[in-house]
Every structure is written in C-alpha cells, then in structure tokens.
Amino acid sequence: RSRAAVCGAVRRGSRRLSHVAQLPEVHRMLRQTCRDFAERELAPVASQLDKEHTYPGRQVRELGKLGIMAVEVPESLGGAGLDYLAYGLAVEEISRGCASTGVIVSVNNSLYLGPLLKFGSEEQKKQWIPPFTTGEKVGCFALSEPGNGSDAGAASTTAQLDGDEWVLNGTKAWITNSWDASATIIFATTDKAVKHQGISAFLVPMPHPGLSLGKKEDKLGIRASSTANIILEDCRVPKENLLGGLGMGFKIAMQTLDSGRIGIASQALGIGQAALDCAADYAHKRTAFGAPIAKLQAIQFKLADMAVALESARLLTWKAALLRDAKQPFTKEAAMAKLAASEAATFISHQAIQVLGGMGYVTDMPAERHYRDARITEIYEGTSEIQRLVIGTQVLKEYQG
Amino acid sequence: MSARVLVGVKRVIDYAVKIRVKPDNTGVVTDGVKHSMNPFCEIAVEEAVKLKEKKLIKEVVAVSCGPQQAQETIRTALAMGADRGIHVEVSGKDYDNLGPLQVSKILAALAKKEETSLIILGKQAIDDDCNQTGQMTAALLDWPQGTFASEVVLEGDKVKVIREIDGGLETVRLKMPAVITADLRLNTPRYATLPNIMKAKKKKIDVVKPGELGVDLTSHLEVLRVDEPPQRQAGMKVETVEELISRLKEAGRM
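From first to last, the protein sequence lines are chains E and Z. Anchor point for the first sequence: position 104 equals 104 in UniProt numbering, and the numbering is continuous, going up by one each time. Anchor point for the second sequence: position 190 equals 190 in UniProt numbering, and the numbering is continuous, going up by one each time.
This is how it looks when you write it as structure tokens:
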C-alpha cells in the first residue's frame with residue numbers, strides 16, 4: 001500500500017515536472033524580478049553587509065514590497081499567494097546576491113509564517129501574519145537549545161499554565177533573526193512525562209517582559225543575519241498564544257522543518273550558483289601558460305563537477321517543492337534536497353576558491369564569502385546527518401513488507 | 001482625464017550580455033542569448049504608470065513589435081502596471097529589417113486607432129542606438145515632441161517636458177497629443193512585484209498584423225556587414241607636450 005502511495009506521488013510529481021524544462025510564465029517573471037533585485041540591490045552591498053554584520057533592513061523592506069517576505073501567505077492576509085516552487089526560486093535568486101538576506105527571507109517565510117498558516121487559529125493568523133508580510137517586521141523560530149540541537153525532543157525549556165497565562169522558562173540557542181525579530185515561535189515542554197508528545201509551541205512577541213537576548217554570535221558566515229540565544233525568565237504570555245494543540249509542538253516543529261528545508265536548499269543553491277559564476281568568469285579572464293585557464297582540462301573538469309552538483313540539487317529542490325504544492329508527501333525529497341544542495345554549496349565554493357587560486361583567498365573577490373556562507377547550510381534546519389537519518393528511514397519504509 | 005498613453009517597449013539583448021558577432025558577419029548572435037526590455041523603455045513604462053497612479057491619465061497601453069517573444073516584454077510592462085498590451089506581429093525577414101521608420105509608421109497608425117493623447121518611448125534602444133523612433137513618430141503624426149525627457153509634468157491639455165541637452169536643461173511646453181522620449185534620469189523603474197506579476201496574467205494582449213494597420217514594412221536600408229570594434233591597443237605615455245604633438249604628427253593625426 002505504501003509503495004502504491006509513493007508511486008502515485010512520483011507519477012503525479014512527474015507530470016508537474018514536465019515544466020522543469022521551462023518554468024511557467026509567472027515563475028519565470030518572478031525569478032527574473034528576484035534576480036534583477038539581487039543583482040542591483042544585494043550583490044553590490046553583500047560584502048559590506050558581511051564585513052559590518054549589518055542587518056539589511058532597507059532591502060528586507062523592499063523585498064516585502066515585492067511580496068517575497070510572504071510568498072505563500074494568501075493575498076487576504078497580505079501575502080503574494082504563490083506556491084512553494086515560486087518561493088524556492090525567489091530564495092535562490094536572493095541568496096545568489098546575498099546569502100544572509102536569503103536566510104532572513106527563508107526563516108520568515110518557512111519557519112515563522114509557515115507554522116502560523118498551517119496550525120494557527122483564524123484569530124492568531126489575523127494578528128500574527130499581516131504585519132510580517134511587508135518586510136517591516138520579521139519573525140523567528142526557537143527550537144534549539146544549548147543542550148539539544150539534533151535531539152529536538154529533549155527540550156528543557158518549560159511552559160507552565162498559571163491561571164490565564166503560560167509562564168515560559170529556559171534558554172533557546174542559535175536563533176536566526178533573533179536581534180531583528182518582532183515575534184518568535186518558541187517550543188517548550190508542557191508535560192515532561194510524555195517526552196516528544198509533551199512539547200508545545202507558543203507565540204511570543206518581541207520585545208517582551210521576561211524575554212531577553214544573548215550576545216550576537218560572531219559567525220563564520222551569513223554575518224548580516226543575527227544569531228543569538230533567547231533567554232526566558234518567567235516570560236508570561238496569554239493562553240491564547242498557544243499555537244496548535246497542547247502537546248503538538250514536536251509535530252509542528254518537524255513539519256515546519258520539512259518545508260524549511262526547501263528554503264535552505266534554495267539558499268544553498270543560490271550560494272553555489274554565485275560561487276560557480278565567480279569561478280567560470282575568472283576562468284575566462286585569468287591567463288596561465290599562455291592562455292585563459294578555461295582552456296585547461298583540470299579547470300573544465302572542476303567546473304563540470306560543480307555544475308552537475310548544482311543542477312542535480314536544484315532538480316531535487318524543485319521536485320520537493322512541486323510535491324509539496326501538489327499536496328503529496330515530500331519529507332524524503334525535502335531532506336534529499338537540503339542534503340544535496342548544502343553539500344553542493346560547500347563543494348562548489350571550495351572548488352571556486354581553488355579555481356581562483358590566491359585571489360580566492362582574499363576579500364577582493366566574493367569566493368571567500370561564498371565559502372564561509374555555504375558552511376552553515378550543512379548544519380542548520382537539520383544537520384546532514386539528520387537528513388541522512390530521515391532519508392534512510394523513509395527509503396526503508398518504502399521497502400517494508 | 002480620459003487620456004490614453006501608448007508606451008513602446010522593445011525586446012533587446014540584455015545589457016549585461018557579452019555581445020558576439022555571428023561568424024558570417026551578418027549580425028550579432030541572438031539565439032539562446034538572454035533578452036530583456038530595453039532599459040529606456042522600462043523608464044518610459046514607469047513614467048506612464050506613475051501618471052496613471054496620480055490619476056492624470058486613464059489607460060496605459062504597452063506596444064511591442066516583433067515575433068512571439070515580444071509578448072514576454074509586454075507582460076513585463078503589464079507587471080509594472082500597464083493596463084493592456086498590443087503585440088504587432090513581425091517575424092522573419094520583416095523582423096530583421098525592422099527599424100525606426102517601420103516602427104514609427106506602426107506607432108503612428110496605432111496612435112490614431114487607439115485615440116492616444118501621449119506616446120512615451122525610450123530615447124533609444126541599446127542594440128541599435130538609433131534614437132530616431134520618437135522623432136519619426138512625431139513627424140509622421142505631425143505632433144510636437146519632447147525628447148531626452150528628464151522630467152514630465154502634465155498641465156491640463158499641455159505637457160511640460162524638461163529636456164537634457166548638451167548645454168544643460170531645456171524646458172518645452174507641448175500641446176497634446178504629443179510624443180515624449182525618456183532619458184536616464186526621468187525616473188527609477190519599479191520592480192515587478194509578485195502581486196502585480198499575478199495580476200498581469202489576467203491582462204489582455206491583442207495581436208495585430210502590420211498589414212491590418214495599413215503599414216508597409218519595406219526597408220530602404222541594407223546591412224552590408226557587422227564587425228566587432230577593433231581591439232583596444234595599449235596607449236603610450238609621453239613626457240612633454242612637445243613630444244605629444246610630434247607623436248600625433250608622426251601618426252598622421254595632426
């Protein structure tokens with residue numbers, strides 16, 4: 001029965017894939033708009049944003065006007081009302097200009113607006129979504145803690161009901177957008193006895209009494225996005241701020257991350273594309289042994305491997321998005337996309353530095369920034385190891401008797 | 001105001017692409033090369049849409065002459081805010097020979113057919129750099145023209161145009177209907193937002209053949225040959241003005 005379901009999904013997914021050779025017109029236009037925006041507004045300032053660790057506030061507001069900060073949100077709530085393929089294309093093009101801006105867009109779309117759209121009540125959607133579609137405000141997602149990242153079920157942050165309020169205590173770690181966010185979705189244990197099923201999700205505005213931020217992490221890459229601890233000390237929120245049902249937190253987190261993986265895969269694709277562009281352009285210009293290095297097989301083979309890794313990961317990402325848009329199961333494909341794209345990004349940016357030689361090692365060229373930006377994509381929203389667990393488990397399920 | 005504005009949009013090779021001459025020297029390589037809307041046409045569309053947003057004009061109609069792909073350029077104009085499009089279908093040899101004279105004849109015919117008050121064009125296209133279509137269109141219609149516009153202000157039945165000229169800025173006041181061509185500093189074109197891209201899908205593009213407009217596309221120009229510009233040679237440094245003059249004389253430049 002499970003094999004029939006999977007085959008059906010693949011068949012339905014394949015029909016949609018006929019437009020992999022040419023995307024639909026709306027998607028092509030969207031991709032072009034995002035590419036133009038990235039080339040004119042992001043790429044010229046990306047290096048400076050990285051050096052100065054500056055949040056790209058103006059650019060995020062511009063992206064809000066374009067509809068990119070809330071691609072899937074219906075128009076009635078202030079979004080663009082488009083699908084996940086469109087979202088993936090947008091994040092890729094934005095990340096190609098600036099990887100930090102790419103993750104800011106992705107976290108707001110997939111990790112903050114995503115769970116609200118899927119699990120929020122009508123009142124919660126009306127209150128917590130529209131202000132976060134314009135780029136004026138961004139949200140964040142607080143699951144990881146100093147004591148557990150991959151082990152999401154071991155959440156030690158607690159939430160206790162006290163009259164009409166939930167009281168949250170604990171510390172969350174590695175929270176992207178934390179210093180720039182106006183709201184967060186926090187996962188806390190409401191019933192330790194039932195382990196995974198005792199975690200719940202809460203909407204908390206920022207700033208808020210009882211919520212404070214740790215110092216901004218000094219990161220290797222994506223430095224224009226802020227990352228910090230969120231510390232909760234008797235942080236009180238109304239009981240209406242519970243997102244989804246009591247004990248649904250783990251399920252919400254896992255389903256949210258499934259979609260988030262398509263966003264991060266897209267970010268990785270953008271970084272990989274930027275690195276490939278840099279290397280190929282350099283190969284035409286740099287001469288050695290009397291000719292452009294593009295004439296050397298060693299360079300051609302590298303660029304070929306880079307291009308294959310990128311295009312394969314891109315197709316996996318599009319497939320995951322298409323399956324999600326067709327309301328088919330996409331957990332395995334999303335994990336495959338994130339795994340392939342992140343490893344492609346690190347491989348491509350590593351080889352791009354190699355193609356550039358010494359020039360790849362200095363800040364005059366963007367290759368070193370792509371290398372630093374790419375690295376995190378193998379870690380956040382599920383490490384490559386977790387992705388392999390997810391994929392392996394899904395594959396085995398398909399063959400179960 | 002019931003004014004209708006016609007905006008011409010041309011599909012050209014994207015400004016960022018490295019142009020290559022075809023091996024047979026008959027033209028440049030266009031197959032598989034990225035194309036987009038001429039940057040000055042983007043500025044023209046932006047100006048028309050801004051006038052509409054200020055409620056000074058009623059309708060913006062985007063026009064493009066060319067093969068099927070010209071519709072992509074019209075869709076971009078629609079996504080920027082134009083109300084509807086007209087695709088004048090020209091392909092094959094006719095398209096290869098399509099130049100400012102032919103396009104101005106088409107625009108003049110459309111302007112009469114569509115009861116137009118204002119035609120806004122880019123000052124020139126980045127592929128041929130002709131800078132002729134606006135001027136020719138005005139002449140064919142016997143309308144006033146304000147070219148190289150860096151500012152456009154509607155004043156009742158007149159339009160004030162501030163023109164960028166070699167000596168500085170010149171202000172002209174034209175009685176509508178009139179032709180305006182957009183220069184670089186007229187405005188900064190907007191990005192097509194997602195909601196507008198979606199709305200553009202529902203907007204109409206009418207397809208028309210030049211014959212239906214009574215336009216003869218015969219060209220009196222023939223392109224003999226296209227070559228790359230000569231490779232830039234290294235310069236040389238001189239120590240004194242005297243040396244400069246003697247070197248220029250030696251090279252036969254003085």
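Glycine is no exception: its CB is placed at the ideal position from the N, C-alpha and C atoms. Fair warning: this is a prediction, and the values are worked out from it, not measured in the lab.
Only residues of its own chain outside the window of five on either side were considered, and among them none has a CB closer than 7 Å to the CB of T393 of chain E.
With respect to the C-alpha of D96 of chain Z, the residue from Z:G81, Z:C65, Z:A111, Z:K123 having the closest C-alpha is Z:C65. In this structure, S200 of chain E and C140 of chain E do not form a Cβ contact; the two beta carbons are roughly 18 Å apart against a cut-off of 8 Å.
Taken through DSSP and simplified to helix, strand or coil, T171 of chain Z comes out as strand. Put simply, the backbone Cα of A183 of chain E is about 39 Å away from that of D83 of chain Z. Inter-residue distance for G211 of chain Z and H35 of chain Z is about 27 Å (C-alpha atoms, whole angstroms). Per DSSP, the unbroken beta strand (DSSP E) holding D162 of chain E starts and ends at 158 to 162.
Taking a C-beta distance under 8 Å as the contact criterion, V152 of chain Z and R163 of chain Z do not qualify as a contact pair. Considering only E:A335, E:Q273, E:C98, the residue with the shortest C-alpha distance to I391 of chain E is E:A335.
Beta bridge pairing from DSSP links A188 of chain E with E:S200. Contact holds between the region 43 to 59 of chain E and the region 208 to 227 of chain E, because three or more Cβ pairs, one in each stretch, are under 8 Å apart.
Proximity of chain E to K201 of chain Z at the Cβ level (cut-off 8 Å) is accounted for by E25, V26, in chain order. Taking every protein chain shown into account, the CB of D258 of chain E has 16 or more other CB atoms within 10 angstroms, so this residue is buried. Nearest to L213 of chain E by alpha-carbon distance, out of E:G170, E:L243, E:Q197, E:F250, is E:G170. The alpha-carbon of M254 of chain Z is positioned some 9 Å away from that of S246 of chain Z.
Per the coordinates, the alpha-carbon of A173 of chain E lies some 26 Å from the alpha-carbon of K125 of chain E. In the structure shown, C140 of chain E adopts extended strand secondary structure according to DSSP, grouped into three states. Nothing from the region 110 to 141 of chain E brings a Cβ to less than 7 Å from some Cβ of chain Z.
Within the region 103 to 139 of chain Z, complete beta strand (DSSP E) segments of at least 3 residues are found at 118 to 122, given in chain order. The distance from the Cβ of V159 of chain Z to that of L107 of chain Z is about 17 Å, inconsistent with a contact at the 8 Å cut-off. Of the other Cβ atoms in all chains shown, fewer than 16 fall within 10 Å of the Cβ of Q297 of chain E; this residue is therefore exposed. The region 122 to 138 of chain E and the region 157 to 168 of chain E do not touch, with fewer than 3 CB-CB distances between them shorter than 8 Å. Excluding its 5 nearest sequence neighbours in each direction, H284 of chain E has C-beta neighbours in its own chain below 6 Å: P292, A294, listed in chain order.
Judged by DSSP in its simplified three-state form, F132 of chain E adopts helix. Taking 3 residues as the shortest admissible run, the region 150 to 220 of chain Z contains the following complete beta strand (DSSP E) segments, listed from N- to C-terminal end: 158 to 165, 168 to 175, 178 to 182, 205 to 208. Neighbourhood of Y191 of chain Z in chain E, by CB distance below 7 Å: T33, D36, F37, L66, in chain order. For M37 of chain Z, the beta-bridge partners assigned by DSSP are Z:R11. Within a 10 Å sphere around the beta-carbon of F132 of chain E sit 16 or more other beta-carbons, which makes this residue buried.
The beta carbons of P24 of chain E and T256 of chain E sit no closer together than 8 Å. By the neighbour-count definition (other C-beta atoms within 10 Å, threshold 16), V194 of chain E is an exposed residue. Three or more Cβ pairs closer than 8 Å define a contact, and the region 139 to 157 of chain Z falls short of that threshold against the region 207 to 227 of chain Z. Assignment of beta-bridge partners to Q145 of chain Z by DSSP yields Z:V179.
T346 of chain E places its beta carbon less than 8 Å from that of R375 of chain E. P44 of chain E sits in a helix when the DSSP states are folded into three classes. The beta-carbon distance between C34 of chain E and L89 of chain E, rounded to whole angstroms, is 7 Å. This is short enough to meet the 8 Å contact definition.
The Cβ-Cβ distance between D373 of chain E and A99 of chain E falls below 8 Å.
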